[in-house]
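**Student:** Provided herewith is a single structure, encoded as structure tokens, for subsequent inquiry.
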Amino acid sequence: MPKKSQNLPKTFKDFVSKFPALGNAHEAVAMAVEGLGPLDAKTCSLVKMGICLGAGLESAFRSHVRRAIQSGATSEEIEQALLLAMNTVGFPRTVAAWQWACQQMERDRRENK
């Protein structure tokens, strides 16, 4: 199972438990891609937020908001990253993602008290 498993969705954990080779391959690809360029972890998380927002992947979007926070992103940086998508993916999807981000940031604040 991938190393960053503590906050992953149960369905993902169950899938990787049943198919560990696929989970390991998924993690290896993610680590390889992150190491291919000059972007730091925070920037990678902000970019991945935009990708998830465009694809409508709520759970993955929340995960990358959490990772962005863990990498030092501010709420203002998270908001700007998601607002950049508005003209491309539309107002309703952007508003939904803003709500997901706010909920995730609040959850992280409560858990880190």
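Take the numbering used here: the last position of the sequence shown gets the number 135, and nothing is skipped along the way. Ideal Cβ positions, reconstructed from N, Cα and C, are used throughout, including at glycine. Predicted model only: the values in this text are computed from it and were never measured.
(1) Express the C-alpha separation of L44 and T65 in angstroms, rounding to a whole number.
(2) Among the residues of its own chain, which have a CB less than 8 Å from the CB of A82, if the five just before and after it don't count?
(3) Return the chain-ordered list of same chain residues with a C-beta closer than 8 Å to the C-beta of F37, the five sequence neighbours on each side being excluded.
(4) Beta-carbon separation of R84 and S67 under 8 Å?
(5) Helix, strand or coil for S97, going by three-state DSSP, please let me know.
(6) Over what stretch of residues does the alpha helix (DSSP H) that includes K143 continue unbroken?
**Tutor:** A quick look at the data gives this:
(1) 26 Å
(2) K70, C74
(3) L44, G45
(4) no
(5) helix
(6) This structure gives no information on residue 143, because the portion of the chain shown stretches from 23 to 135.
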